[in-house]
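Encoded as structure tokens, the structure appears first; notes follow it.
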Amino acid sequence: MNDLSGKTVIITGGARGLGAETARQAVAAGARVVLADVRDEEGAATARALGDAARYQHLDVTSEEDWQRVVAYARDAFGSVDGLVNNAGISTGMFLETESVERFRKVVDINLTGVFIGMKTVIPAMKEAGGGSIVNISSAAGLMGLALTSSYGASKWGVRGLSKLAAVELGTDRIRVNSVHPGMTYTPMTAETGIQQGEGNYPNTPMGRVGEPGEIAGAVVFLLSDASSYVTGAELAVDGGWTTGPTVKYVMGQ
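When we follow the numbering used here, the leftmost residue of the sequence shown carries the number 193, and every step to the right adds one.
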């Protein structure tokens, strides 16, 4: 059972989409959560809807000062920091040849450097708590070469590698670090690009559809909980089989 009773979890990008759904499932499992985002109105509303077990804090993940404030707030509000979900991120849709250096740096700064700062900041609090679990949201693009994701893909490969490095360094401190690799998932961000829900709407995957935030969040909550107590340094693909290989229809030329 994914029991998070008594645990405090910081979730970045928590205002909506996967972050908000992870917060809902974490609270349902008994956790107290601090939602952190730059979308202040949405984030505050999401926290209010979750009741007394949730709080909201503004967080620019590229700011060390913001991270220090959020971690201190979580400790003051709930007494400890036991979990961190590095979910905040932005995407891109450019070929390597046409991607601007400015855009590349921005995506990497938010998606990768933000994860680094978050882990670095939360480690002392987790050591004080006797351990913890860090779940870094990478992507299917961090498991394969995916066209049109030069900056995004590079950042998510970096998150995958950084997670493994951290798992090796922090294991003796009882801090587990794992990465989750969602495939195409229906969120407000992907909906803006035309992604649709439902069977048959994403033939690139063996399952033939995009994922739902709740399906990804369930994997995250598992990794936060003691049900995964011997899991660290793992990369969990939650992608409908996308990274497993070509679909039958593709192989058959259909």
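All C-beta atoms, glycine included, are put in the ideal place defined by N, C-alpha and C.
- Between Val413 and Val273, the alpha-carbon positions lie close to 15 Å from each other.
- DSSP places Ser371 inside the beta strand (DSSP E), whose first and last residues are 367 to 374.
- Counting only runs of 4 or more residues that sit fully inside the region 294 to 354, the alpha helix (DSSP H) segments are 306 to 321, in chain order.
- The C-alpha of Thr290 is placed about 41 Å away from the C-alpha of Arg247.
- According to the DSSP assignment, Ala280 belongs to no beta strand (DSSP E), since it is labelled neither H nor E.
- Leu415 carries a helical assignment under DSSP once its states are collapsed to helix, strand and coil.
- Thr377 sits in a strand when the DSSP states are folded into three classes.
- Residue pairing of Gly209 in beta bridges, as defined by DSSP: absent, with no partner found.
- With a cutoff of 9 Å on beta-carbon distance, Val430 and His373 are scored as near each other.
- For Leu227, the enclosing beta strand (DSSP E) has its first and last residue at 224 to 229.
- Within the DSSP secondary-structure output, Tyr248 pairs in a beta bridge with Leu227.
- Between the alpha carbons of Gly209 and Asn328 lies a gap of roughly 16 Å.
- Thr200 sits in a strand when the DSSP states are folded into three classes.
- Taking the Cα positions, Thr436 is about 41 Å away from Ala264.
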